[in-house]
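Novice:
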Amino acid sequence: MTVKKDKGVTRRDFIKKTGVVGAGLGAAVAVPSFARKAFAAKRDYILIGHPNPSTGPLAGFGEASPWADEKAIDAINRMGGIFIKEYGKKVPIKLKMADTESDPTKAAELAAKLILKDKVDLMVAMHTPDTVNPVDAMCERYQMPCISLDAPVEPWLTGGPYKWSFHAFWTVASATDLFAGIWDKYAAKTSKVVGGFWPNDPDGTSWSAIFKEKLSARGYKVVDPGRFPYFNKDFSSFISKFKREKVDIITGTLIAPDWTTAWKQCHQQGFVPKIATVAKACLFPTDVNAIGGNLPNGLTTEVWWSPHHPFKSSLTGETAKDLCDAWTKETKKAWTQPIGFKYAGFEIVADALKRAQTLKKEKIRAAIAATDMDTIVGHIKYNAKNYSETPLVGGQWVKGKKWPWELEIVYNEQNPTIKKTAEMVFPLPR
Numbered sequence: 003m004t005v006k007k008d009k010g011v012t013r014r015d016f017i018k019k020t021g022v023v024g025a026g027l028g029a030a031v032a033v034p035s036f037a038r039k040a041f042a043a044k045r046d047y048i049l050i051g052h053p054n055p056s057t058g059p060l061a062g063f064g065e066a067s068p069w070a071d072e073k074a075i076d077a078i079n080r081m082g083g084i085f086i087k088e089y090g091k092k093v094p095i096k097l098k099m100a101d102t103e104s105d106p107t108k109a110a111e112l113a114a115k116l117i118l119k120d121k122v123d124l125m126v127a128m129h130t131p132d133t134v135n136p137v138d139a140m141c142e143r144y145q146m147p148c149i150s151l152d153a154p155v156e157p158w159l160t161g162g163p164y165k166w167s168f169h170a171f172w173t174v175a176s177a178t179d180l181f182a183g184i185w186d187k188y189a190a191k192t193s194k195v196v197g198g199f200w201p202n203d204p205d206g207t208s209w210s211a212i213f214k215e216k217l218s219a220r221g222y223k224v225v226d227p228g229r230f231p232y233f234n235k236d237f238s239s240f241i242s243k244f245k246r247e248k249v250d251i252i253t254g255t256l257i258a259p260d261w262t263t264a265w266k267q268c269h270q271q272g273f274v275p276k277i278a279t280v281a282k283a284c285l286f287p288t289d290v291n292a293i294g295g296n297l298p299n300g301l302t303t304e305v306w307w308s309p310h311h312p313f314k315s316s317l318t319g320e321t322a323k324d325l326c327d328a329w330t331k332e333t334k335k336a337w338t339q340p341i342g343f344k345y346a347g348f349e350i351v352a353d354a355l356k357r358a359q360t361l362k363k364e365k366i367r368a369a370i371a372a373t374d375m376d377t378i379v380g381h382i383k384y385n386a387k388n389y390s391e392t393p394l395v396g397g398q399w400v401k402g403k404k405w406p407w408e409l410e411i412v413y414n415e416q417n418p419t420i421k422k423t424a425e426m427v428f429p430l431p432r
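Anchor point for the sequence shown: position 265 equals 267 in this note's numbering, and the numbering is continuous, going up by one each time.
#1: Have a look at Glu-72, Lys-363 and Leu-325 and flag the residue whose alpha-carbon is nearest the alpha-carbon of Gln-436.
#2: Let's see if you can read the secondary structure: which residues bound the alpha helix (DSSP H) around Ala-358?
#3: Run through DSSP, which three-state label would Lys-216 get?
#4: Could you tell me how far apart the beta carbons of Leu-124 and Lys-98 are, in whole angstroms, since I believe they sit closer than 8 Å?
#5: Here's the rule I'm using: 16 or more other beta-carbon atoms within 10 Å means buried, otherwise exposed. How should Pro-312 be labelled?
#6: Would you kindly report the start and end of the unbroken alpha helix (DSSP H) that includes Pro-147?
#7: Whether or not the stretch 232-244 and the stretch 207-220 are in contact is what I'm after, with contact meaning three or more pairs of Cβ atoms, one per stretch, closer than 8 Å; do they touch?
#8: For the alpha helix (DSSP H) containing Phe-171, list its first residue and its last residue.
#9: Determine the burial state of Tyr-389: buried for a count of at least 16 other Cβ atoms within 10 Å of its Cβ, exposed for fewer.
#10: What residues match up with His-381 in a beta bridge as DSSP calls it?
#11: By the 10 Å Cβ neighbour count, where 16 or more other Cβ atoms means buried, how is Pro-204 classified, buried or exposed?
#12: Which of helix, strand or coil does DSSP assign to Ala-281?
#13: Give me the residue from Val-225, Glu-304 and Trp-261 with the minimum Cα distance to Arg-246.
#14: Let me know the secondary structure DSSP gives Lys-39 once reduced to three states.
#15: Count Cβ pairs between the stretch 262-282 and the stretch 340-348 that sit closer than 8 Å; are there 3 or more?
#16: Taking the straight line between their C-alpha atoms, what separation do you get for Asn-417 and Asp-46?
#17: Classify Pro-53: buried if its beta carbon has 16 or more other beta carbons within 10 angstroms, exposed otherwise.
#18: Helix, strand or coil, according to DSSP, for Ile-420 in the structure here?
#19: According to DSSP, which residues form a beta bridge with His-52?
#20: Would you kindly report the start and end of the unbroken alpha helix (DSSP H) that includes Val-274?
#21: Return the chain-ordered list of same chain residues with a C-beta closer than 7 Å to the C-beta of Lys-404, the five sequence neighbours on each side being excluded.
#22: Going by C-alpha to C-alpha distance, which of Ala-182, Phe-168 and Tyr-164 sits closest to Glu-415?
#23: Can you name, in chain order, every residue of its own chain whose Cβ lies under 7 Å from the Cβ of Ile-293, other than the five neighbours on each side?
#24: Which one or two residues does DSSP pair with Trp-329 in a beta bridge?
#25: For the putative contact between Glu-410 and Thr-392, defined by C-beta atoms under 8 Å, what is the C-beta separation to the nearest angstrom?
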C-alpha cells in the first residue's frame with residue numbers, strides 16, 4: 003500500500019483532501035435532528051469509535067487492539083456500564099473498530115463514517131500523527147468528542163487549535179532531552195556528531211527542527227541530509243554524508259520498513275555508529291524482530307510504557323505488569339508499549355462519561371476537558387491547549403532470555419520513579 007502523504011498533516015489539509023467524505027455521506031447528515039435523536043434513544047449501549055492501524059507500516063502500533071480495548075471495556079461493563087441520566091440506568095459500552103491500513107486519508111474517511119453513519123457517541127484515536135491528526139480533524143469538523151493518545155505533542159498541535167479533541171502523550175522536546183541524556187554519558191567517547199534520518203511527514207518535520215535547535219544548544223553537531231519519502235529504497239547519499247561528517251550517533255523517527263532498509267544499508271556500506279537511538283521504528287518486538295540477524299543488538303529508543311512503570315488501572319487496580327502478564331498469557335506474545343495507551347484511552351472514556359452522565363456531545367466534551375485522574379500510563383490532566391504530557395524513559399534492545407529481543411530500561415533521569423532494569427551497552431556491538 004502507499005501512504006498518501008508528502009508533507010505535514012494539518013486539519014485543513016485533511017478537510018480539503020477528504021471533503022468528499024461529507025458529500026458521500028450526505029444522507030446521514032440530511033436525516034432530521036429529531037430522527038437522529040430517536041435512533042440514538044433506541045440504542046441500548048454507548049458506541050465508541052476507534053480507527054486503528056491494524057495493517058500497513060504502522061501495524062506494530064495497532065497490534066494490541068482490540069485486545070487492550072476490550073480488556074478495559076470488559077472491566078467497565080462488568081460493573082454494569084456507565085450511568086446515563088437520560089436512560090435512568092447504567093448502559094454498557096460497545097466498540098466499533100476500523101482498520102486505517104496506516105493511511106492518513108483512509109483514517110479521515112473512516113472517522114467521518116464512524117461519526118456520520120455509525121453515529122458513535124465518542125471517538126478514541128491513537129498511533130502517530132499519521133492516524134491521529136486526520137481523525138481529530140474529522141472530530142473537530144463534526145463536533146465529536148475525541149480522546150487521542152500516542153502521537154508526539156508538537157506534530158499533533160499542527161492540526162489545532164482544538165476544541166473537541168483532547169490528547170495525551172509526550173513532547174518531542176522531552177524526547178530530545180531523553181535522547182541527549184542517553185548520549186551525554188558517553189559524549190567524551192564520541193565525536194558528538196549526530197546524523198538524522200527524518201522522513202517527509204509530520205514527525206520528521208517536527209523532530210528535525212526541534213532536535214537541531216536543542217542538540218546544538220547542548221554542544222552536539224547535527225547532520226541532516228534532508229527529508230525522504232516513505233518506503234525509500236536507497237539511503238546511500240545519507241550514509242555517505244554521515245561518513246564524511248564523522249557521525250558517531252544516529253537518530254531519526256522512521257516507519258519500521260524504512261529503518262530496516264536504512265540500518266541494513268548502513269552495515270552493508272561499512273557504517274556502524276557507536277550509538278543508534280531511533281524513535282517510532284524500534285519500539286515493538288514485532289518490528290525489531292523483522293530487522294533480522296544481529297542488527298537489533300544495542301539499538302536504543304524511547305520507552306513510553308512498560309511492565310516496569312509504577313502505574314495502576316483506575317478500573318481494576320491492576321498494575322502495568324499485571325496487564326503485560328495477561329497479554330502474554332492470552333496472546334503468547336511479548337509485551338508491547340501500546341497496550342497501556344490503548345487501555346488508558348478507555349479509562350479516560352469511562353471517567354469522562356461517569357462525570358457527564360449524558361450522551362450530549364457538548365457535556366461529554368466539557369467532562370473530558372475537566373479530566374484529572376490517574377491511569378495505567380500515569381496522571382492525565384489536560385492543559386489550555388487540550389493535551390496532557392506523559393513520562394518517558396530510555397530503553398535498549400538486547401538479546402533476551404524469554405524472547406529473541408528484550409527491551410531494557412537503561413535511562414530514567416527525567417522520570418526516576420520508573421526504575422532502570424539494566425545498564426546501557428556501549429558502543430554498539432559490531
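Yeah, the Cβ is synthetic: ideal placement off N, Cα and C, and Gly gets one too.
All of these numbers come straight from a predicted model, not from anything done at the bench.
Specialist: To lay it out plainly:
#1: With the chain covering 3 to 432 only, the question about residue 436 has no answer from this structure.
#2: The residue given as residue 358 occupies position 356 in the sequence shown. Per DSSP, Ala-358 belongs to the alpha helix (DSSP H) from 340-358.
#3: What you label residue 216 is simply residue 214 of the sequence shown in a count that begins at 1. Helix.
#4: In the sequence shown, residue 124 corresponds to position 122, counting from 1. In the sequence shown, residue 98 corresponds to position 96, counting from 1. Contact flag wrong, Cβ pair sits at about 11 Å.
#5: On the sequence shown, residue 312 is found 310 positions in, with the first residue counted as 1. Under this definition Pro-312 is an exposed residue.
#6: The count along the sequence shown starts at 1 and reaches residue 147 at position 145. No alpha helix (DSSP H) holds Pro-147; DSSP gives it neither H nor E.
#7: Touching, no.
#8: By 1-based counting over the sequence shown, the position of residue 171 is 169. DSSP places Phe-171 outside any alpha helix (DSSP H); the residue lies instead in the beta strand (DSSP E), whose first and last residues are 167-171.
#9: Locating residue 389 in the sequence shown gives position 387, counting from the first residue. Per the 10 Å Cβ criterion, buried.
#10: Counting from 1 along the sequence shown, the entry for residue 381 is found at position 379. Per DSSP, Asp-376.
#11: Numbered from 1 along the sequence shown, position 202 holds the residue referred to as residue 204. Looking at its Cβ environment, which holds 16 or more other Cβ atoms inside 10 Å, Pro-204 is buried.
#12: Sequence index remark: in the sequence shown, residue 281 carries index 279 (1-based). Strand at Ala-281.
#13: As a working note, residue 246 is residue 244 in the sequence shown. Closest option to Arg-246, Cα to Cα, is Val-225.
#14: Taking the first residue of the sequence shown as 1, we reach residue 39 at position 37. Annotation note: pLDDT 47 at Lys-39 (below 50); position unreliable, no value reported.
#15: no
#16: Taking the sequence shown and counting its residues from 1, one reaches residue 417 at position 415. Taking the sequence shown and counting its residues from 1, one reaches residue 46 at position 44. Taking the CA atoms as reference points, Asn-417 sits about 43 Å from Asp-46.
#17: In the sequence shown, the residue the question calls residue 53 occupies position 51. With 16 or more other Cβ atoms within 10 Å, it is buried.
#18: Translated into positions along the sequence shown, residue 420 becomes position 418. In the structure shown, Ile-420 sits in coil (DSSP, three-state: anything other than H, G, I, E or B).
#19: Reading the sequence shown from its first residue, position 50 is the one you call residue 52. BP columns for His-52 point to Met-99.
#20: Numbered from its first residue, the sequence shown carries residue 274 at position 272. Per DSSP, Val-274 belongs to no alpha helix (DSSP H) and is neither H nor E.
#21: Taking the first residue of the sequence shown as position 1, residue 404 is located at position 402. Apart from sequence neighbours up to five positions away, no residue of its chain approaches Lys-404 with a beta-carbon distance below 7 Å.
#22: Looking up residue 415 in the sequence shown gives position 413. Checking every option, the nearest Cα to that of Glu-415 belongs to Ala-182.
#23: Taking the sequence shown and counting its residues from 1, the one referred to as residue 293 is at position 291. Closer than 7 Å at Cβ, skipping near neighbours: Thr-262 and Trp-265.
#24: Working through the sequence shown from its first residue, we reach residue 329 at position 327. Checking the DSSP bridge columns, you'll see Trp-329 has no partner listed.
#25: The count along the sequence shown starts at 1 and reaches residue 410 at position 408. The count along the sequence shown starts at 1 and reaches residue 392 at position 390. Actually they do not touch by this definition, with Cβ atoms about 20 Å apart.
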